[in-house]
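All remarks here apply to the structure that follows.
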Amino acid sequence: MERRSFLKMTGASAAAVVISPSLITQRLYAEDGLSLYESYEKVHLKDADGNPLKASTLQPEVNYVFNFPHIATPCILVDLGRPANTNVKLKADDGTEYLFKGGVGKNGSIVAYSAICPHQLTHPTPDDSFFQYLERKGKTLALPNANEAGVFVCSSHLSAFDPVNGGKAIAGPATEGLTQIVLEIDENDELWAVGALGANRFHDYMDAFKPEFKKYYENKRKAKRLVKDEAKVVALKHFTKEIIQY
Amino acid sequence: MSMERRDLFKLAGVAAAAAVLPSVAVTTAGAAEIANKASGKTVLVVGGGFGGLTIAKELKKKDKTIDVTVIEKKDIFMACPFSNTYLGGLEGVSLETLTHDFYAPATKHGYNFVQAEVTAIDRKAKTVTTTNGNFTYDILVLSPGIAYDYKGQFPEWSEEKIAHVAHACPAALMPGSEHLALKRQLVDMDDGDVVIVPPAQGKYRCPPAPYERTSMVANYLKEEGIKGKVIVLDTRGGKFSKGAAFQESWKDLYDGIIDYKGFTKVIDVDPAKNEITYLEFTDAASLLEGDPEEAKKHTIKYQVCNLIPNNICSPVIKMAGLETNPAGYALMDGYTLRSKTDKDVYVIGDAVSHGIPPSGHTAIWTAKRAAGQIQAQLAGKSFDPKAGLPVPVGNVCYSMVSGNPEEAIMVTHEFVAHENGMLVGNGNVPKPKDGNGKFRSKGTGKATREWFAGVKRELFM
Numbered sequence: 000m001e002r003r004s005f006l007k008m009t010g011a012s013a014a015a016v017v018i019s020p021s022l023i024t025q026r027l028y029a030e031d032g033l034s035l036y037e038s039y040e041k042v043h044l045k046d047a048d049g050n051p052l053k054a055s056t057l058q059p060e061v062n063y064v065f066n067f068p069h070i071a072t073p074c075i076l077v078d079l080g081r082p083a084n085t086n087v088k089l090k091a092d093d094g095t096e097y098l099f100k101g102g103v104g105k106n107g108s109i110v111a112y113s114a115i116c117p118h119q120l121t122h123p124t125p126d127d128s129f130f131q132y133l134e135r136k137g138k139t140l141a142l143p144n145a146n147e148a149g150v151f152v153c154s155s156h157l158s159a160f161d162p163v164n165g166g167k168a169i170a171g172p173a174t175e176g177l178t179q180i181v182l183e184i185d186e187n188d189e190l191w192a193v194g195a196l197g198a199n200r201f202h203d204y205m206d207a208f209k210p211e212f213k214k215y216y217e218n219k220r221k222a223k224r225l226v227k228d229e230a231k232v233v234a235l236k237h238f239t240k241e242i243i244q245y
Numbered sequence: 000m001s002m003e004r005r006d007l008f009k010l011a012g013v014a015a016a017a018a019v020l021p022s023v024a025v026t027t028a029g030a031a032e033i034a035n036k037a038s039g040k041t042v043l044v045v046g047g048g049f050g051g052l053t054i055a056k057e058l059k060k061k062d063k064t065i066d067v068t069v070i071e072k073k074d075i076f077m078a079c080p081f082s083n084t085y086l087g088g089l090e091g092v093s094l095e096t097l098t099h100d101f102y103a104p105a106t107k108h109g110y111n112f113v114q115a116e117v118t119a120i121d122r123k124a125k126t127v128t129t130t131n132g133n134f135t136y137d138i139l140v141l142s143p144g145i146a147y148d149y150k151g152q153f154p155e156w157s158e159e160k161i162a163h164v165a166h167a168c169p170a171a172l173m174p175g176s177e178h179l180a181l182k183r184q185l186v187d188m189d190d191g192d193v194v195i196v197p198p199a200q201g202k203y204r205c206p207p208a209p210y211e212r213t214s215m216v217a218n219y220l221k222e223e224g225i226k227g228k229v230i231v232l233d234t235r236g237g238k239f240s241k242g243a244a245f246q247e248s249w250k251d252l253y254d255g256i257i258d259y260k261g262f263t264k265v266i267d268v269d270p271a272k273n274e275i276t277y278l279e280f281t282d283a284a285s286l287l288e289g290d291p292e293e294a295k296k297h298t299i300k301y302q303v304c305n306l307i308p309n310n311i312c313s314p315v316i317k318m319a320g321l322e323t324n325p326a327g328y329a330l331m332d333g334y335t336l337r338s339k340t341d342k343d344v345y346v347i348g349d350a351v352s353h354g355i356p357p358s359g360h361t362a363i364w365t366a367k368r369a370a371g372q373i374q375a376q377l378a379g380k381s382f383d384p385k386a387g388l389p390v391p392v393g394n395v396c397y398s399m400v401s402g403n404p405e406e407a408i409m410v411t412h413e414f415v416a417h418e419n420g421m422l423v424g425n426g427n428v429p430k431p432k433d434g435n436g437k438f439r440s441k442g443t444g445k446a447t448r449e450w451f452a453g454v455k456r457e458l459f460m
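Just so you know, the protein sequences line up as chains A and B, in that order. Under numbering that gives the first Met the number 0, the first residue of the first sequence carries the number 0, and numbering increases by one thereafter. Under numbering that gives the first Met the number 0, the first residue of the second sequence carries the number 0, and numbering increases by one thereafter.
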């Protein structure tokens, strides 16, 4: 059974691999038969010291990076400091509809998204990051007329995405929203990543960045492997040398 | 019979199975062979640049049953955006950075790519004649880009003289041999001056390009230890795209290297002697009046001369018989990306007459927008030409001003439905957060590279 949990699963087959802790069901999305949901082996989020990351220790509006579902696909975890909306209907570029159920944590304010811009695949690397959440009091050229930010911004081509509403694309050239990384919290306030919701461009990403993978992960084959058991979460400012945000 | 003929034109991805003989093939004398499928959803795209490749991909992404064929006269894609970093010799920028094959995206997204030059467009018969077969369409998309107007700018020059100057002083706004020639000249140059002549007037491709090039060539002279100047013979008196930002950088980085002359009129080039002759006026008003007695005449020697003539629209727009403005850009149907003249002909990229900047980023934007409008039209639905307007950032454009360290400046444009009936871009040149009060920063330098890498992913993945 445990072996099976290493395999990528979709739909109802995910129900067969429930192992402790008991509250991590991975069923929430899978059993609803929702479109554009992909279940992965659940991954325990750990802090820099290797201890389980407690949801309540996240600082509000701070970018935390972890890799999921692949070794080389970065995600950003944020406590938005305000509840995400629930049951938001979204549409992928090909017209497929899907449902964002909301955030986790006691306020429903914790969300995670794949940090690969759906527009042209810009993403944080250990060298620099053009893609991140921008706190509400921040300013961005992507939304020159907005009173507050509180959005993900890709500063390469100035697209903005609304994390409160499932990562919907709200400005700039991106048409498709962010891929949500579905989280669950267990009875110990510990966070788990269990799946990905929405269209994703993991495949294109793997094709696009072969030289980069060589630099950071030895090769594409290793970069492509699924994250197993646990993922280390670090603040973006520690993950990357330079945060570039316009 | 018809099957055999069609088989002569072997196109990747086109199933020759359906023996649908388009009606135009019967009615048009001498044009019996039609190389693409007439499906009722046939889109023909003329031009495989930023606009053309984007719309082909977008249409196939939106609806796989649309038949899309791209006709492009070049065999290799080469980008104009980012090419100044190649001319300036920035680290790791090679020809490979700027070029790509056309086959990969066509195969991946399922459109046809045909290398051919368009020789005639018959809007009545809905056919396009090329050097590699005849094509039919339900919707024609024209993304042909620009042409140079040597004749209009230098009426006294003969055809031979124009050809001589075009080769000896390559403009390098239409990538290919022009860029390679200019690069070769820069690499081979001795100590001495480089003269850059921006287009004297009117709309031209990539408004900051001559000034980014000035910066990159100055960087090259500096890095290589070449004793010489970059002399810019301009007409704009410093009031050009990102003008304040460029001039701040020039002052800080290239003092004594860049010699910017803002009120000049180039009157002759002698490529045999490496000499350029120009009139220098005192201000904008005297330049406008153009009285030679009010100006000083200079003839100077150059090592390399980059003469960028005034731009006009590609002649393909006129070939299609579309109404145009005096410079040949297609008149548009209100705020749409459809031509004013023919509801089945769309125009994108630099060839539009909308008041939006002719940049690679804008070309992609027009292509995506036009794809939505075409999809609606093919489905017999109406669309709102003002949908989504104003767009806060329709264009974002970086210009590299320094090579070591790499630093760039930027501009963004809001796109609005202007009361003049056209799409119009309103520019904003921000000071980046990491610029310490300057217009340029290292972050924007990195963003310049990431912008271009992203655009290549957009076109080719």
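All residues carry an ideal CB built from backbone N, CA and C; glycine is no exception.
- Considering only A:His43, A:Leu225, A:Trp191, A:Asp127, the residue with the shortest C-alpha distance to leucine 235 of chain A is A:Asp127.
- Judged by beta-carbon spacing, aspartate 185 of chain A lies beyond the 7 Å limit of serine 55 of chain A, meaning their Cβ atoms are not closer than that value.
- Here the C-alpha atom of alanine 159 of chain A lies approximately 6 Å from the C-alpha atom of alanine 168 of chain A.
- Residue-level contact check: glutamine 119 of chain A touches chain B, since one or more beta carbons of chain B fall below 7 Å from its beta carbon.
- For tyrosine 149 of chain B, the enclosing alpha helix (DSSP H) has its first and last residue at 149–152.
- C-alpha of asparagine 62 of chain A to C-alpha of lysine 445 of chain B: approximately 21 Å in a straight line.
- Approximately 4 Å separates the beta-carbon atoms of glutamate 175 of chain A and proline 117 of chain A; this is inside 8 Å, confirming the contact.
- In its chain, beyond the 5 residues on either side, Tyr397 have a beta carbon closer than 6 Å to the beta carbon of tryptophan 450 of chain B.
- Closest by C-alpha distance to valine 87 of chain A, out of A:Ser38, A:Pro125, A:Asn218, A:Gly101, is A:Gly101.
- Those residues of the region 160–174 of chain A placed with their C-beta closer than 7 Å to a C-beta in chain B are Ala170, Gly171, Pro172, ordered along the chain.
- Contact with chain B is absent for serine 128 of chain A, since none of that chain's Cβ atoms lies less than 7 Å from the residue's Cβ.
- For the region 414–437 of chain B, the set of residues with a beta-carbon nearer than 8 Å to any beta-carbon of chain A comprises Asn427, Pro429, Pro431, Lys432, Asp433, in chain order.
- Contact note: proline 143 of chain A reaches chain B through Pro391, Val392, Thr411, Glu413, Asn427, using a C-beta cutoff of 8 Å and chain order.
- Neighbours of alanine 446 of chain B across chain A, judged by C-beta separation under 8 Å: Phe129, Ser154, Ser155, Ile243, Tyr245.
- Within the model, the alpha-carbon separation for glycine 49 of chain A versus proline 59 of chain A is close to 21 Å.
- Against glutamate 449 of chain B, the close residues of chain A are Thr121, Phe129, Ser155, in the order they occur along the chain (beta-carbon pairs closer than 7 Å).
- With its beta carbon less than 7 Å from one in chain B, alanine 207 of chain A belongs to the interface.
- At least one CB atom of chain B sits nearer than 7 Å to the CB of leucine 140 of chain A.
- Counting along the chain, glutamine 114 of chain B sits inside no alpha helix (DSSP H); it lies in the beta strand (DSSP E) bounded by residues 111–114.
- In the DSSP annotation of this structure, the continuous segment of the beta strand (DSSP E) that includes asparagine 66 of chain A starts and ends at 63–66.
- The Cβ of aspartate 46 of chain A sits no closer than 7 Å to any Cβ of chain B.
- With 16 or more other Cβ atoms from the protein chains shown falling within 10 Å of its own Cβ, aspartate 192 of chain B counts as buried.
- Contact between valine 344 of chain B and leucine 336 of chain B is absent: CB atoms are separated by about 10 Å, not below the 8 Å threshold.
- A straight line joining the alpha-carbon of lysine 380 of chain B with that of threonine 95 of chain A spans about 20 Å.
- Against chain A, the beta carbon of glutamate 116 of chain B has no neighbour under 8 Å; the closest one sits roughly 31 Å away.
- Close partners of aspartate 203 of chain A in chain B (Cβ separation under 9 Å): Arg456, Met460.
- Using a 10 angstroms sphere on the CB of lysine 300 of chain B, the tally of other CB atoms stays under 16, which defines it as exposed.
- Beta-carbon to beta-carbon, tyrosine 328 of chain B and alanine 350 of chain B are separated by about 6 Å, close enough to satisfy the 8 Å threshold.
- Shown here, tryptophan 364 of chain B sits in a helix according to DSSP, grouped into three states.
- In this structure serine 176 of chain B is exposed. Its beta-carbon is surrounded by fewer than 16 other beta-carbon atoms within 10 angstroms.
- In this structure, tyrosine 110 of chain B and valine 69 of chain B form a Cβ contact; the two beta carbons are roughly 6 Å apart against a cut-off of 8 Å.
- One Cα belongs to alanine 146 of chain B, the other to threonine 323 of chain B, and the distance between them is close to 14 Å.
- A:Phe67 is the residue among A:Tyr36, A:Phe67, A:Lys105, A:Glu37 whose C-alpha sits nearest the C-alpha of histidine 43 of chain A.
- Ranked by Cα distance from serine 154 of chain A, the options A:Leu120, A:Tyr215, A:Val103, A:Phe212 are led by A:Leu120.
- Here arginine 204 of chain B is buried: its Cβ has 16 or more other Cβ atoms, across all protein chains shown, within 10 Å.
- Shown here, valine 92 of chain B sits in coil according to DSSP, grouped into three states, outside any helix or strand.
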